[in-house]
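For reference, the structure discussed in these notes is given below.
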Amino acid sequence: MLIINNLHASVDGKQILKGINLEVNSGEIHAIMGPNGSGKSTFSYVLAGNEDYEIDKGEMFLEDVDLSELDSVSRAHLGIFLSFQYPVEIPGITVTNFIKTMINSNRKAKGLKDMQAGKMLKKIRDKANLLGIDSRFLSRSLNEGFSGGEKKRNEIFQMAMLEPKLAVLDETDSGLDIDALKIVANGVNKLKSDKNAVIVITHYQRLLEYIIPDFVHVMLDGQIVKSGDKKLAYKIESEGYDWIKKEL
Amino acid sequence: MAFEEDLDLSSEIHNIRSESFNHFEKIGFPNRKNESWKYTSLEEILKRDYSIFPKKESIIELKQVKKYFLYDLDTYKIVFIDGIYSPFLSDTTHDGLDVCLLSAALNKVKYKKIIKKYFNKTANKEDSLTSLNTSFTKEGAYIYIPKSVVTEKPIQIIHFASGNEGNLLLQPRNLIIIENNANAQIIERHQSLVSHQVFTNSVTEVFINSNANLEYYKIQNDLSDASLIDNTYISQEENSNSRVHTFSFGGKLTRNNLNFFQKGKNTESTMKGITIIGEKQHVDHHTLVRHAYPNCQSHQDYKGIYSDRSIGVFNGKILVDAIAQKTNAFQQNNNILLDNNATINTKPQLEIFADDVKCSHGCTIGQLDKEALFYLKSRGITEKDSKALLTYAFANNVLESVRIQAVKKRIKSLIAKKLGVNLVHDL
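Chains as they are written, first to last, in this note's numbering: chain A, 16 to 263; chain B, 4 to 430.
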């Protein structure tokens, strides 16, 4: 589904990604772990098409479509979803309004008409229930004054509404208490199918107990330096990254 | 006898008119040398000759203009066409309160005392355009809410320009009095029906007595050849509360001179505005709040969105007299420039003579937040729609204090339309 070859990217002239190679197939869950500043968030931004980041070298394909030619809007239409580490607060737009605009924009790109109001409402209600979201939450301004946990839950709520092919969850576990973490992980697991894929970016192994990865990759200084299965995550949790650095 | 009193009264008004005219003749129209007109020039508008009185009465069918009313709301209406009262489109009352015409109030004996007490008492007699309006005072809205009357229905004041008159100068004069413990909700609109040169120089005097409450909504969404100078003077007695919202979306040139004079302790004045203009439109907000008693508040929040070559001006003057301790004055002016050619001139002007006060002011001029834009785009919302949505959100925030749902709904839809946002579900 996703193929990344020798990806180099920089921001403000500073090189961050220094040759990423990654292949993700339908039905798989990949975890990317790494210390602060290793380039994990940059990777997620580059994948989602943030224009602040320059691609210097390499290529990215989603189902044979060259992503480098597409802006963030088209990538979203193609089925890429990024759950932000720091979702932006937008006072003046309610969650419901945002969700509706988002859904209908994606439908329009596919040549479909706006979703019927009743259908939309039902879908919103179903997905909100799945993630334990209170209906009062839906009429609040987008992310404004939300707790860290509410913001993250709102991200997964959007993901549930959009049903993307490839979801990139950037530090979705940070700011979540254990109950919220379970709800969010449960939501992600329910959305998972053999037709889509998930990349989980995280510092900690904690989330990976609930969203169980097929592959774990370690990112250091802009490169994926080691890959393995979920046992790798346990080892990192107990021993840190130094042993990997020594191997290099 | 009644006739004599009429005469007597008329002569009093006559004196005020001629004094004002003399003053206007002496000082003339304001020009850019005048500090408060530095960024707004009337030159182009004044190049034309205008007819002051319409030659003939125009009839308008309700269906032609229905969309300019808040018709899904039960309201009193005072409607003028080319400056002439339209009984057909209006819905006035004398039942427990007066919602009628200034011409009637000026000429009838029973209003004599009130007119004498209030007419031209809070308007700035030094001001050129106010003087010009006073010299030609003839018609406008007269609203009198007696003591402790809680008005259930909002009052709409609407001025239509039919287009049947060439270059038209309109000078409506409104007088609004809210007695102790009473309240009123007013919606004012100036609207030309076909594009033609209309220049409106309006003066509104408002007196809010103690414990009384006013909500005033000004909807400025006129066609592109209409210009408006709105001079509003609000005098507030103790414990009174007034809120004025100004929505400026249309017109060629709009100047709002909004003045609050606090005349008693514990008064509260709120002024909010949303300006969304483009092309070569020009909107100027000049606010003045005079805090002259202790424990009073004022709250200003103006937002502006400017595209193309449009020009905005915000000048917020706050005066705090030495006696006005514990004043709490807040002023905020945030602007977004969507094009490089758009301009905003913003200036807070604080003159504080008391030492125990809380006064804060701030202004920002910016573009849309890049991070927010990426967030929306990453959800598949096109760049154009994302920008429109963010701009809508920026403006929308001001609407929280609008208490009439029908007004809120109307303004939201005007904003959405103006910004090209499709948010039907939110309206």
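Positions of the beta carbon are idealized from the N, C-alpha and C atoms, including for glycine.
CB of residue i within 8 Å of CB of residue j, strictly
i, j, result
"B/Phe250", "B/Lys221", "yes"
"A/Ala200", "A/Tyr219", "no"
"B/Glu271", "B/Asn244", "yes"
"B/Lys373", "B/Gln352", "no"
"B/Asn136", "B/Asn204", "yes"
"A/Glu186", "A/Pro102", "no"
"B/Leu341", "B/Tyr309", "yes"
"B/His288", "B/Val316", "yes"
"B/Arg35", "B/Lys29", "no"
Same chain, Cβ closer than 7 Å to residue i, neighbours up to 5 away in sequence not counted
i, result
"B/Ile355", "Val323 and Cys362"
"A/Ile148", "Arg168 and Phe172"
"A/Gly49", "Lys55, Val233, Met234 and Leu235"
"A/Lys33", "His23, Asp236, Gly237 and Gln238"
Chain B residues whose Cβ lies nearer than 8 Å to that of residue i
i, result
"A/Gly107", "Tyr395, Ala396, Phe397, Ala398, Asn399 and Asn400"
Backbone CA spacing between residue i and residue j [nearest angstrom]
i, j, result
"B/Lys116", "B/Thr140", "18 Å"
"B/Leu76", "B/Ile326", "43 Å"
"B/Phe252", "B/Asn318", "18 Å"
"B/His193", "A/Ser83", "52 Å"
"B/Ser301", "B/Ile160", "26 Å"
"B/Gln239", "B/Asn399", "28 Å"
"A/Ala124", "A/Phe96", "15 Å"
"A/Lys261", "A/Gly52", "18 Å"
"A/Leu62", "A/Phe113", "22 Å"
"A/Ser156", "B/Gln335", "21 Å"
"B/Val427", "B/Ile414", "In this predicted model, B/Val427 has a pLDDT of only 48, less than 50, meaning its place in the structure is not dependable enough to derive any value."
"A/Leu146", "A/Asp27", "38 Å"
"B/Ser313", "B/Gly143", "31 Å"
"A/Asp188", "A/Asn204", "14 Å"
"A/Glu13", "B/Val286", "In this structure chain A extends from 16 to 263, so residue 13 of chain A is not present and cannot be described."
"A/Ile108", "A/Arg140", "19 Å"
"A/Lys246", "A/Ala46", "12 Å"
"B/Phe6", "B/Phe122", "For B/Phe6, the predicted structure reports a pLDDT of 42, less than 50, and the residue's modelled location is therefore unreliable. The matter cannot be settled from this model."
"B/Asp304", "B/Ile347", "16 Å"
"B/Asn216", "B/Ala187", "7 Å"
"B/Pro175", "B/Val206", "6 Å"
Classification of residue i by the beta-carbon crowding that lies within 10 angstroms, buried from 16 upward
i, result
"B/Asn25", "exposed"
"A/Ala132", "exposed"
"B/Pro90", "exposed"
"A/Leu222", "buried"
"B/Phe27", "buried"
"B/Phe72", "buried"
"B/Phe56", "exposed"
"B/Gln408", "exposed"
"B/Thr290", "buried"
"B/Thr385", "buried"
"A/Thr57", "buried"
Contact set for residue i: own chain, Cβ-Cβ below 6 Å, skip 5 residues either direction
i, result
"A/Gly73", "Asn20, Asn21, Leu22 and His23"
"A/Glu43", "Ala212 and Asp229"
"B/Asn337", "Lys306 and Thr367"
"B/Arg293", "Phe264 and Leu322"
"B/Leu422", "Ala391, Thr394 and Tyr395"
"B/Ile232", "Leu132, Asn204 and Arg258"
"B/Phe333", "His302 and Ser363"
"B/Tyr236", "Thr125, Ala126, Glu208 and Asn262"
"A/Asn119", "Asp129"
"B/Asn242", "Ser213, Asn214 and Asn269"
"B/Gln328", "Pro297, Ala357 and Asp359"
Residue i: contacting residues in chain A (beta-carbon distance under 8 Å)
i, result
"B/Tyr378", "Phe99, Pro102, Val103 and Ile105"
"B/Gln304", "In the sequence as presented, Gln is not what sits at residue 304 of chain B; that position holds Asp. Result: empty, since nearest Cβ-Cβ is about 13 Å, beyond 8 Å."
"B/Glu240", "Here the premise fails: no neighbours, minimum Cβ distance about 35 Å."
"B/Asp388", "Thr116 and Ser120"
Chain-ordered neighbours of residue i on chain A, where CB pairs are closer than 7 Å
i, result
"B/Gly383", "Val88, Ala91, His92, Met117, Ser120, Asn121 and Ala124"
"B/Ala419", "Under the 7 Å cutoff, chain A gives no residues; its nearest Cβ is about 11 Å from B/Ala419."
"B/Leu392", "Ile108 and Thr116"
"B/Glu155", "The contacting residues do not exist; B/Glu155 stays about 28 Å from chain A at best."
"B/Glu374", "Val103"
Close beta carbons around residue i, own chain, < 8 Å, minus the five adjacent residues each side
i, result
"B/Gly169", "Ser54, His199 and Gln200"
"B/Lys411", "Leu402 and Val405"
"B/Ser151", "Glu182, Asn183, Asn184 and Ala185"
"B/Arg20", "Thr137, Ser138, Phe139 and Thr140"
Contacts that residue i makes with chain B (C-beta to C-beta distance below 7 Å)
i, result
"A/Asn65", "Phe377"
"A/Gln173", "Arg382"
Residue i beta carbon near the ligand ZN (any heavy atom closer than 7 Å)
i, result
"A/Leu97", "This structure simply doesn't include the ligand ZN, nor any ligand for that matter."
Beta-carbon neighbours of residue i, restricted to chain A and to distances below 9 Å
i, result
"B/Leu261", "Going along chain A, no residue has its Cβ under 9 Å from B/Leu261, so there is no contact; the nearest lies around 24 Å."
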